[in-house]
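First comes the structure, then the notes that go with it.
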Amino acid sequence: MSGFEIERKFLVRGEDFKQQAVSSSRICQGYILSGGGRTVRVRIRDEQGFLTIKGPAENGGLSRYEFEKEITLDEAQHLMSLCEPGVVEKRRYIVPFRGHVFEVDEFYGDNSGLVFAEVELSDENEPFEKPGFIGPEVTGDGRFYNSHLRRMPYIFWRATIPEEYRHPQQG
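For the sequence shown, the residue numbers in the working numbering are 797 to 967.
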């Protein structure tokens, strides 16, 4: 897959998203390169590997170029050894809602307690309805980029998030 991705990101309140999810998967990802808004990421999602290249964010963080290629699990495991220090671990829940799919990420490790949702859109002005668990929008807030969470984990800035959006820490 390659092309521009257009997505919006939101904090999540409560745990209702788990009951609404149709599937979930465990993700571990590392970064071969992250800087200047560009990233080269290696991801292991359950038993699949992916190599992803992302360009700098545009339009206030709403869109950016993304190239993603599936690679073998063995290749992904070897590439993880080339990554910058620190990995991002999370569980991703897939929640369909009124014609859109919300991907809800629940983080582990030093990012434990952080939960946010993304919805991908076909157009920057595309209207969509938000499920009840969706909180304030954080699109374009660099703290919520996974590459930033690798360098500056949530554990260091958790207190800046309103209490109702802080989730229990998990391992």
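From the three backbone atoms N, C-alpha and C, an ideal C-beta is built for every residue, glycine too.
Pairwise C-alpha distance: residue j and residue i
| i | j | result |
| --- | --- | --- |
| Phe-875 | Ile-828 | Position check: residue 875 holds Leu in this sequence, whereas Phe was assumed. Roughly 8 Å between the two C-alpha positions. |
| Glu-959 | Gly-856 | 26 Å |
| Cys-824 | Glu-899 | 16 Å |
| Ser-877 | Glu-871 | 10 Å |
| Ala-817 | Ser-918 | 22 Å |
| Arg-804 | Gly-928 | 16 Å |
| Ser-943 | Arg-894 | 30 Å |
Neighbour flag for residue i against chain D, beta carbons, 9 Å
| i | result |
| --- | --- |
| Lys-886 | Included in the structure is just one protein chain, with no chain D present. |
Alpha helix (DSSP H) segment containing residue i, residue limits
| i | result |
| --- | --- |
| Ser-943 | 942-947 |
| Leu-869 | 869-876 |
| Asp-842 | Note, Asp-842: premise wrong, no alpha helix (DSSP H); not H, not E. |
| Gln-816 | 812-816 |
Close-in-space but distant-in-sequence residues of the same chain around residue i (CB under 7 Å, 5 per side omitted)
| i | result |
| --- | --- |
| Arg-939 | Trp-953 |
| Gln-966 | Tyr-904 and Ser-908 |
| Glu-843 | Leu-869 |
| Tyr-941 | none |
6 Å CB neighbourhood of residue i in its chain, flanking five on each side removed
| i | result |
| --- | --- |
| Val-786 | The structure shown does not extend to residue 786, since the chain spans only 797 to 967, so no value can be given for it. |
| Gly-936 | Gly-856 and Gly-857 |
Opening and closing residue of the beta strand (DSSP E) in which residue i lies
| i | result |
| --- | --- |
| Val-911 | 911-917 |
| Glu-933 | 930-933 |
| Tyr-827 | 819-831 |
Sheet register partners of residue i (DSSP bridge)
| i | result |
| --- | --- |
| Val-897 | Pro-892 |
| Gly-799 | Glu-862 |
| Lys-805 | Glu-914 |
| Ile-849 | Val-836 and Phe-863 |
| Arg-887 | Arg-822 and Glu-902 |
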